[in-house]
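Novice: Have a look at this one.
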Amino acid sequence: MKKKYLLLVVGLILIISVAGCTVKANKEKDGEDPKKVEEEMAQVEKREKEKIERDFEVLIKENSEPYKLAKYIDENISKASPEFAEKMVIELECMQESYAIHYMDEFFKEDRQSTLAKVFPNYEFDSNKVNSIEDEELKKLVTNIIDGKYKIVSAEGAFYPAIDYNALNGYKQYISDEMAEYINIMAIHLDNPPMRDAGLIISWDDLADRLINIEKYLRKYVDGVKSEEITRLYGEYLVMYMQGGDNTPIYNREDKKIIEDVLNSYKKTISNDKEGITGNIISKYLKVIEENNYIIDDVVTSKIIDLNTEAIGNLEEHK
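All letters in the sequence shown, in the order written, are residues 8 to 326 by this note's numbering.
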């Protein structure tokens, strides 16, 4: 009986001790300074961001291929600071541009173009057929290119890599509105190029809309990180709009008179963009055309370079 009683007492003491320890631990936990916890968490987060930046800078210094950068960005962009997240995307695009020439050279080695043509008939690339490429080196090259956020396109009977800006659109939530809009402009430009084989493949009105949208971008982001590239694209589009292409000139070949669709597009642009640089330049160009009885000859086309230079100068004044 004494033994049972003794065991009962010891058991109660142990329960009380454990309970006491638990209460004490909870009190210590409850008493922990929330500000201190927050600071410690902030330090951990800061160290993680710094490591991401260091590791990425190493990849850049090593001139790593785009697929390596893209993989690292995909895994870490959500944890990086907004500023560095944007820097990573910009650096990726720079490396893509740098490696594009190298990849192009690789595509034209030996009989690789003919090999690709057999796997992708009618020059229509299909990423689902990459594993059908029997040449292992070529298969690896194509895979690395795609993983580097390029797309494989074809023109004039050849395959070549082009930056896949739609793939870069996946980073929109982590970058500034400026960069997101830039990526969107480039995606439209490359996915639906205005001209192919010296012929316009979009409507004159669509080309005018792109011009006006690009101008709005440049005036919105006057000191933008991509203003130089977009200004250059604007100039190319403006010349294209005023001149057309070898296979789609702005005039009828028989009588050299301006095509009705082009004339109507010019009038519409002037009306829709009264306060814009584009509308003003096209207004001046149309006046030259009218004074030349709507005949497109050297008298008219000689003004294109001057008007394009004036437009670019006006854009620069807004900076």
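Even for Gly, the Cβ is constructed at its ideal location relative to N, Cα and C.
Taking DSSP as the reference, what is the three-state secondary structure of A32?
Specialist: Taking the first residue of the sequence shown as 1, we reach residue 32 at position 25. Here A32 scores only 43 on pLDDT, less than 50, and its place in the model is too uncertain to base an answer on.
Novice: Is there contact here, the segment 124-141 with the segment 71-82, by at least three beta-carbon pairs under 8 angstroms?
Specialist: no
Novice: What residues are listed by DSSP as bridge partners for M202?
Specialist: Locating residue 202 in the sequence shown gives position 195, counting from the first residue. DSSP output for M202 lists L207 as bridge partner(s).
Novice: Evaluate E188 with the Cβ neighbour count: other Cβ atoms within 10 Å of its Cβ, from every protein chain shown; 16 or more gives buried, anything less gives exposed.
Specialist: By one-based count along the sequence shown, residue 188 stands at place 181. Classification for E188: buried.
Novice: Is the segment 148-164 touching the segment 119-132 in the sense that three or more CB pairs, one from each, lie closer than 8 angstroms?
Specialist: With the cut-off at 8 angstroms, the segment 119-132 and the segment 148-164 touch.
Novice: Check N183 in the structure and name its three-state DSSP category.
Specialist: Working through the sequence shown from its first residue, we reach residue 183 at position 176. It should be pointed out that residue 183 corresponds to Ser in this sequence rather than to Asn. If DSSP states are grouped into helix, strand and coil, S183 belongs with coil.
Novice: Give the straight-line distance between the Cα atoms of A205 and S309, rounded to the nearest whole angstrom.
Specialist: The count along the sequence shown starts at 1 and reaches residue 205 at position 198. The count along the sequence shown starts at 1 and reaches residue 309 at position 302. Taking the straight line from one Cα to the other gives about 20 angstroms.
Novice: In angstroms with no decimal places, state the Cα-to-Cα distance between G27 and D40.
Specialist: Within the sequence shown, the letter at position 20 stands for residue 27. Within the sequence shown, the letter at position 33 stands for residue 40. At G27, the pLDDT of 47 sits below 50, so the modelled position is not reliable; the number obtained from the coordinates is stated separately. If you take the alpha carbons of G27 and D40, they lie about 22 angstroms apart.
Novice: By a C-beta neighbour count over all protein chains shown, 10 Å radius and 16 as the cutoff for buried, is N259 buried or exposed?
Specialist: Counted from its first residue, the sequence shown places residue 259 at position 252. That one is exposed.
Novice: Using a 10 Å radius around the Cβ and a threshold of 16 neighbouring Cβ atoms, would you call D118 buried or exposed?
Specialist: What you label residue 118 is simply residue 111 of the sequence shown in a count that begins at 1. Around the CB of D118, fewer than 16 other CB atoms lie within 10 Å, so the residue is classed as exposed.
Novice: Helix, strand or coil for S161 per DSSP?
Specialist: Within the sequence shown, residue 161 is the residue found at index 154, counting from 1. Here S161 sits in strand by DSSP.
Novice: Spell out a yes or no on whether the segment 297-314 and the segment 215-227 are touching, meaning 3 or more CB-CB pairs, one atom from each, closer than 8 angstroms.
Specialist: With the cut-off at 8 angstroms, the segment 297-314 and the segment 215-227 do not touch.
Novice: Report yes or no: do three or more beta-carbon pairs, one from the segment 196-215 and one from the segment 245-256, lie closer than 8 angstroms?
Specialist: yes
Novice: Could you tell me if Q103 is buried or exposed, where buried requires 16 or more neighbouring beta carbons within 10 angstroms of its beta carbon?
Specialist: Taking the first residue of the sequence shown as 1, we reach residue 103 at position 96. Of the residues assessed, Q103 falls on the buried side of the cut-off, its CB having 16 or more other CB atoms within 10 angstroms.
Novice: Sorted by chain position, which residues of the same chain lie with C-beta nearer than 8 angstroms to Y106's C-beta, five sequence neighbours on each side aside?
Specialist: Here residue 106 refers to the residue found at position 99 of the sequence shown. Around Y106: E72, P73 and G155.
Novice: Is it buried or exposed, P168, if we count other Cβ atoms within 10 angstroms and call 16 or more buried?
Specialist: Residue 168 sits at position 161 when you count from the first residue of the sequence shown. Buried, by the Cβ-count rule.
Novice: Taking the straight line between their C-alpha atoms, what separation do you get for L66 and I108?
Specialist: Translated into positions along the sequence shown, residue 66 becomes position 59. Translated into positions along the sequence shown, residue 108 becomes position 101. Approximately 20 angstroms between the Cα atoms of the pair.
Novice: Helix, strand or coil for A215, going by three-state DSSP, please let me know.
Specialist: In the sequence shown, counting from the first residue as 1, residue 215 sits at position 208. Looking at A215 - three-state DSSP - the assignment turns out to be helix.
Novice: Give the single residue among V44, A87 and K78 whose Cα lies nearest to the Cα of E60.
Specialist: Locating residue 60 in the sequence shown gives position 53, counting from the first residue. Taking only the C-alpha atoms, the option nearest E60 is A87.
Novice: Taking C-beta to C-beta, are E113 and L148 nearer than 8 angstroms?
Specialist: Taking the sequence shown and counting its residues from 1, the one referred to as residue 113 is at position 106. Taking the sequence shown and counting its residues from 1, the one referred to as residue 148 is at position 141. Yes, the pair counts as a contact, with Cβ atoms nearer than the cut-off.
Novice: Quick check on the burial criterion: 16 or more other C-beta atoms within 10 angstroms. Buried or exposed for G231?
Specialist: Here residue 231 refers to the residue found at position 224 of the sequence shown. Its Cβ being crowded by 16 or more others within 10 Å, G231 is buried.
Novice: Look at the alpha carbon of I170 and the alpha carbon of Y292, and state the distance between them as a whole number of angstroms.
Specialist: Here residue 170 corresponds to residue number 163 of the sequence shown, with the count starting at 1. Here residue 292 corresponds to residue number 285 of the sequence shown, with the count starting at 1. I170 and Y292 have their C-alpha atoms roughly 34 angstroms apart.
Novice: Between the C-alpha atoms of K227 and H325, what's the straight-line distance to the nearest angstrom?
Specialist: Taking the sequence shown and counting its residues from 1, one reaches residue 227 at position 220. Taking the sequence shown and counting its residues from 1, one reaches residue 325 at position 318. One C-alpha to the other measures close to 9 angstroms.
Novice: Note down, in chain order, each residue of its chain lying with its Cβ closer than 7 angstroms to the Cβ of A77, except the 5 sequence neighbours on either side.
Specialist: Locating residue 77 in the sequence shown gives position 70, where the first residue counts as 1. Answer for A77: L99, D154, G155 and K156, listed in chain order.
Novice: Taking 8 angstroms as the threshold (C-beta atoms), are Y181 and S85 in contact?
Specialist: Position 78 of the sequence shown, counted from the first residue, corresponds to residue 85. Position 174 of the sequence shown, counted from the first residue, corresponds to residue 181. Yes.
Novice: Would DSSP call G251 helix, strand or coil?
Specialist: Locating residue 251 in the sequence shown gives position 244, where the first residue counts as 1. Strand, per DSSP.
Novice: Report the three-state DSSP secondary structure of A169 (helix, strand or coil).
Specialist: For the purposes of this step, residue 169 is identified with residue 162 of the sequence shown, where counting begins at 1. Three-state DSSP puts A169 in a strand.
Novice: According to DSSP, simplified to helix, strand and coil, what is I302?
Specialist: The count along the sequence shown starts at 1 and reaches residue 302 at position 295. Strand.
Novice: Kindly indicate which three-state DSSP category Y228 falls into: helix, strand or coil?
Specialist: Residue mapping note: residue 228 aligns to position 221 of the sequence shown, counting from 1. Coil, per DSSP.
Novice: Within 10 angstroms of its Cβ, does I249 collect 16 or more other Cβ (buried), or is it exposed?
Specialist: Position 242 of the sequence shown, counted from the first residue, corresponds to residue 249. With the sequence shown as reference, residue 249 is identified as Met, and Ile is not the correct amino acid for it. M249 comes out buried.
Novice: Locate the alpha helix (DSSP H) running through F115, then write down its first and last residues.
Specialist: By one-based count along the sequence shown, residue 115 stands at place 108. Here F115 belongs to no alpha helix (DSSP H), and DSSP marks it neither H nor E.
Novice: Taking just the CA atoms, how far does I192 sit from N321?
Specialist: On the sequence shown, residue 321 is found 314 positions in, with the first residue counted as 1. On the sequence shown, residue 192 is found 185 positions in, with the first residue counted as 1. When rounded, the distance between both Cα atoms is 21 angstroms.
Novice: With DSSP as the reference, label I265 as helix, strand or coil.
Specialist: Taking the sequence shown and counting its residues from 1, the one referred to as residue 265 is at position 258. Correct three-state label for I265: strand.
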